[in-house]
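Residue 897 is where the sequence shown starts when you use my numbering, and the numbers rise one by one after that. By construction, the Cβ of each residue, glycine as well, lies at the ideal position given by its N, Cα and C atoms.
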Amino acid sequence: MFKGIRRRMIAYYLVVIAVIVVLMGALFVWFLNYFYMQTLRENLYTQARLAAALIEEMADNGAYPEKFDILSKNLSSELGLRFTLVDNDGLVLADSSENPALMENHANRPEIIEALEKEKGEAVRYSVTLDEQMFYLAVPLRISFSGDNTDSPAVIRLALPLAAINQAIFNLMLYIIGALLLSSIAALAAAIIISSRITGPIQKISKASKAIANGDYYPDLAIEGNDELADLAVNISEMGQTMDRRIEQVLFEKNKLETVVSSMSSGIIFVDSDLKIELINPAAEALFEVSRNQVTGSPVQNIVRYYALYENLKIVNRDGKSRLMEMNLYYPRNVILETYILPVSGAENRISGILLLFHEVTLQRSLEKMRSDFVANVSHELRTPLTSIRGYAETIMNEKLSEQQLLEFLQIIDREAGRLSNLLDDLLDLSQIENEKSFVKKEIVSMASVIEEAIRRVEGSRKKKSFLIEQLKSDPTLRVMGNHEWLCQALVNILENSIRHGFSGGKVMIKTSLKDKNVVTEITDNGPGIPKADLPYLFERFYRVDKARSRKSGSTGLGLSIVKHIMEAHGAKYTLESRENLGTTFRFTLPLAEELS
């Protein structure tokens, strides 16, 4: 029924009420007993004095002791008290309850002795005569009996049974206890009402705080009044609203941060001070081929197996300074990572964690290597003809040559200069195609016209080696979206490769066909073919299968690289198939122009 603070408040009220009732009851009982006994003494004393005056008057009128005995019995019946008249020697002259002649001497009774000495005597003791506890009050008087003119001291004693006194006090105590119980009940009811008025708002506040803790930041918390509880209710309501706004802001910032972290292409891992993973973003999951649920809480060295990284993490965790390092990983895949190690400070500027930022630079390093290799290759390719030209030029200038030798040297210089010119032309073409292939200008072109133009351009080379170029009958309606000049350049490079590396009197066959709404172009020769080990590298810059023979024939090593970039610029699918001593076939596929229109 009653719970919590209300039950404790009622218990406290009960304790206080019980203490007050016990104290007030004890005080009332003591005061009642004192007041009753004091009043009883005063009443008995008054009655004793009246009785003494009456006896003295009767004695003055010559009454005999027998009259006193009759008077005591009458007074006893009227007042409910025991009256005893004792002379100065302790002889009982009259008694309302017993025969005076049969009663023992009362000279040694304390109340009698005290009355004769102090004008009043009191005593509480057991009465042998009446066989019960009695309260005695005695007062002195002077009487003269008939025939005697002298006054003799005597004592009139009143007695009341203690049982009667105790019963009277007990009856009064019952009334007092009843009144106190009724007061206690009323006080308890008042305590319950007051506690409910106090604990009611507290219960509302408690429910509201629980609602706020459970996510309801706008609970019903209307408390009437202007006291502290009403102020507390207002403060809690405002706190809930403030928490709602703050939590919304925190969630917004959290979602924003999670979105940024999740969308970053760089891998991010956050580890605590024990170097255990607390956060990992999708990029890092993909980079190390792990799942967030699997690695959260695991040591970072179990995921990124790189000893130098672990050592750097320990150093950063110790000195709090950021570091940058580059890692070459071979597991789970070959990758080069630029790694930033950033300490995260918490309370009191202590290191609470470390942020790892992994930026993959594999492509950049590969491009840097390619650039370096390209510069080296270009330098080498340029140095060879320039060295030859310079050497023959110095010979011509410093030596006396015959006309035949001079002509021969000049022909070599001319050939090397032409080779140098071809190399520069190919480099410029390659650079242009690489720079413009993303926005190459395309138009509808006929593959038959492209093939015919390419054949015309290589006519000189064909005649020198007595090559036969056979163009199978092509459908002029096979048109594609492309750049006529670039497609023609690609075919020229392929044809020149076949002629340059083919046998004298060799043959090249070109045909086009339609397959699944795609135009397929094939160039097949009957040359010496290409070793299988060289096939993956044919489209790289300056790659030659037979380097000495290629340079002698004037090849720059850039022809197929240019073809590759032209094909990529057109989005064409291309393949090169070759078998030694059986010839080579280059095939590329472009969508039919109608499909693109």
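Which two residues bound the contiguous beta strand (DSSP E) that contains Phe1484? Along the sequence shown, one-based indexing puts residue 1484 at 588. Its beta strand (DSSP E) spans residues 1479-1487.
Beta carbon of Ala977, beta carbon of Gln1029: below 8 Å? Along the sequence shown, one-based indexing puts residue 977 at 81. Along the sequence shown, one-based indexing puts residue 1029 at 133. The residue you asked about is not Ala; residue 977 is Leu in the sequence shown. Not in contact: Leu977 and Gln1029 (Cβ atoms no closer than 8 Å).
Go ahead and label Lys1460 buried or exposed: buried means 16 or more other beta carbons lie within 10 angstroms of its beta carbon, across all protein chains shown. For the purposes of this step, residue 1460 is taken as residue 564 along the sequence shown, with counting starting at 1. Classification of Lys1460: buried, given that the 10 Å Cβ count is 16 or more.
Leaving out five residues on either side along the sequence, give the residues of the same chain with a beta carbon under 8 Å from the beta carbon of Trp1382. As a first step, residue 1382 must be located in the sequence shown, where it is residue number 486. Same-chain partners within the cutoff: Ile1329, Val1336, Ile1462, Ala1465, His1466.
Leu989 and Val982 - do their beta-carbons sit closer together than 8 Å? To locate residue 982, count along the sequence shown from 1; it is residue 86. To locate residue 989, count along the sequence shown from 1; it is residue 93. Cβ atoms of Val982 and Leu989: closer than 8 Å.
Boundaries of the beta strand (DSSP E) in which His1255 is found, first to last residue: As a working mapping, residue 1255 is identified with position 359 in the sequence shown. Taken as a continuous stretch (DSSP letters only), the beta strand (DSSP E) holding His1255 covers 1247-1256.
Would you mind sorting Ser1158 into buried or exposed? The rule is 16 or more other CB atoms within 10 Å of its CB. Your numbering for residue 1158 matches position 262 in the sequence shown. Exposed: under 16 other Cβ atoms inside 10 Å.
Backbone CA spacing between Ile1119 and Ile1108 [nearest angstrom]: Reading the sequence shown from its first residue, position 223 is the one you call residue 1119. Reading the sequence shown from its first residue, position 212 is the one you call residue 1108. So the two alpha carbons sit approximately 17 Å from each other.
Name, in chain order, the residues that DSSP records as bridge partners for Thr1235. For this step, residue 1235 is matched to residue 339 along the sequence shown. Answer is Met1221, Phe1254.
How long is the line joining the alpha carbons of Ser968 and Lys1014, rounded to whole angstroms? Start at 1 with the first residue of the sequence shown, and residue 968 comes out as number 72. Start at 1 with the first residue of the sequence shown, and residue 1014 comes out as number 118. Each residue's alpha carbon lies about 23 Å from the other.
Any idea if Ala1055 is buried or exposed, counting beta-carbon neighbours within 10 angstroms, 16 or more meaning buried? Within the sequence shown, residue 1055 is the residue found at index 159, counting from 1. Classification of Ala1055: buried, given that the 10 Å Cβ count is 16 or more.
Give me the Cα-Cα distance between Ala1087 and Leu923, rounded to the nearest whole angstrom. Within the sequence shown, residue 1087 is the residue found at index 191, counting from 1. Within the sequence shown, residue 923 is the residue found at index 27, counting from 1. Taking the straight line from one Cα to the other gives about 24 Å.
Compute the distance between the beta-carbons of Arg1358 and Val1388, then report whether it is under 8 Å. As a working mapping, residue 1358 is identified with position 462 in the sequence shown. As a working mapping, residue 1388 is identified with position 492 in the sequence shown. No, Cβ-Cβ distance for Arg1358 and Val1388 is not below 8 Å.
Quick one: give me the first and last residue of the alpha helix (DSSP H) that Met1343 is part of. Translated into the one-based positions of the sequence shown, residue 1343 becomes position 447. Where Met1343 is concerned, the enclosing alpha helix (DSSP H) stretches over 1343-1353.
DSSP three-state label for Pro1525, please. Outside the modelled stretch of the chain, which goes from 897 to 1493, sits residue 1525, for which no answer is possible.
What residue ranges within the region 984-1045 form continuous alpha helix (DSSP H) runs of no fewer than 4 residues, ordered along the chain? 1006-1014
Would Phe1363 be called buried (16 or more neighbouring beta carbons within 10 Å of its own) or exposed? Position 467 of the sequence shown, counting from 1, holds the residue named residue 1363. It is buried - the Cβ of Phe1363 has at least 16 other Cβ atoms within 10 Å.
Rounding to the nearest angstrom, what Cα-Cα distance links Thr980 and Gly921 in this structure? Numbered from 1 along the sequence shown, position 84 holds the residue referred to as residue 980. Numbered from 1 along the sequence shown, position 25 holds the residue referred to as residue 921. Each residue's Cα considered, the two are about 37 Å apart.
Got a sec? Which residues, its chain only, sit under 6 Å from Tyr1236 by beta carbon, not counting five neighbours each side? To locate residue 1236, count along the sequence shown from 1; it is residue 340. Here the set comprises Leu1220, Leu1253.
Using a threshold of 8 Å, state whether the C-beta atoms of Ile1250 and Val1167 are closer than that. Translated into the one-based positions of the sequence shown, residue 1250 becomes position 354. Translated into the one-based positions of the sequence shown, residue 1167 becomes position 271. Closer than 8 Å, so yes.
Lys1361 in three-state terms, based on DSSP: Taking the sequence shown and counting its residues from 1, the one referred to as residue 1361 is at position 465. Of the three classes helix, strand and coil, the one that applies to Lys1361 here is coil, per DSSP.
Under a three-way DSSP split, which group does Tyr1433 fall into? Locating residue 1433 in the sequence shown gives position 537, where the first residue counts as 1. Looking at Tyr1433 - three-state DSSP - the assignment turns out to be helix.
Taking only the alpha-carbon atoms, compute the straight-line gap between Ala1204 and Ala1180 and give it to the nearest angstrom. Position 308 of the sequence shown, counted from the start, is the residue given in the question as residue 1204. Position 284 of the sequence shown, counted from the start, is the residue given in the question as residue 1180. Spanning the two alpha carbons is a distance of roughly 19 Å.
Do you know how far the Cα of Ile1309 is from the Cα of Ala1289? The residue you call residue 1289 lines up with position 393 of the sequence shown. The residue you call residue 1309 lines up with position 413 of the sequence shown. Between Ala1289 and Ile1309, the C-alpha separation is close to 8 Å.
Suppose you measure from the CA of Arg1447 to the CA of Val1415; what does that come to, to the nearest Å? Your numbering for residue 1447 matches position 551 in the sequence shown. Your numbering for residue 1415 matches position 519 in the sequence shown. For Arg1447, the predicted model reports a pLDDT of 48, less than 50, meaning its position is unreliable and no value from the coordinates is stated.
In whole angstroms, give me the CA-to-CA distance for Ser1449 and Met1160. The count along the sequence shown starts at 1 and reaches residue 1449 at position 553. The count along the sequence shown starts at 1 and reaches residue 1160 at position 264. With a pLDDT of 49 at Ser1449, under the threshold of 50, the predicted position of this residue should be treated as unreliable, though the coordinate-derived value follows. Answer to the nearest angstrom: the Cα atoms are 51 Å apart.
Local conformation of Thr1192 per DSSP, three classes: By one-based count along the sequence shown, residue 1192 stands at place 296. Three-state result, Thr1192: coil.
Could you check if Asp1412 is buried or exposed, using at least 16 other CB atoms within 10 Å of its CB as the buried criterion? Translated into positions along the sequence shown, residue 1412 becomes position 516. Exposed, since its Cβ has fewer than 16 Cβ neighbours within 10 Å.
Of the listed residues Thr1417, Ser1169, Gln1385, nearest to Met1343 (C-alpha basis): Sequence index remark: in the sequence shown, residue 1343 carries index 447 (1-based). Here the closest residue by C-alpha is Thr1417.
For Val1404, does the count of other Cβ atoms within 10 angstroms reach 16, so buried, or fall short, so exposed? Residue mapping note: residue 1404 aligns to position 508 of the sequence shown, counting from 1. When all chains shown are included, Val1404 counts as buried.
Simplified DSSP assignment, three categories, for Thr1417: One-based indexing of the sequence shown puts residue 1417 at position 521. Thr1417 falls in the strand class under three-state DSSP.
Since I believe Ile1008 is in contact with Arg1053 (beta carbons under 8 Å), could you give me their beta-carbon distance rounded to a whole number of angstroms? By one-based count along the sequence shown, residue 1053 stands at place 157. By one-based count along the sequence shown, residue 1008 stands at place 112. Contact holds; Cβ gap of about 7 Å.
DSSP three-state label for Val1336, please. In the sequence shown, counting from the first residue as 1, residue 1336 sits at position 440. Note: Val1336 maps to coil in three-state DSSP.
Contact belief for Gly1423 with Gly1479 at Cβ below 8 Å, rounded distance in angstroms: The count along the sequence shown starts at 1 and reaches residue 1423 at position 527. The count along the sequence shown starts at 1 and reaches residue 1479 at position 583. About 6 Å; that satisfies the 8 Å criterion.
For Lys1296, the first and last residue of its enclosing alpha helix (DSSP H): Position 400 of the sequence shown, counting from 1, holds the residue named residue 1296. Per DSSP, Lys1296 belongs to no alpha helix (DSSP H) and is neither H nor E.
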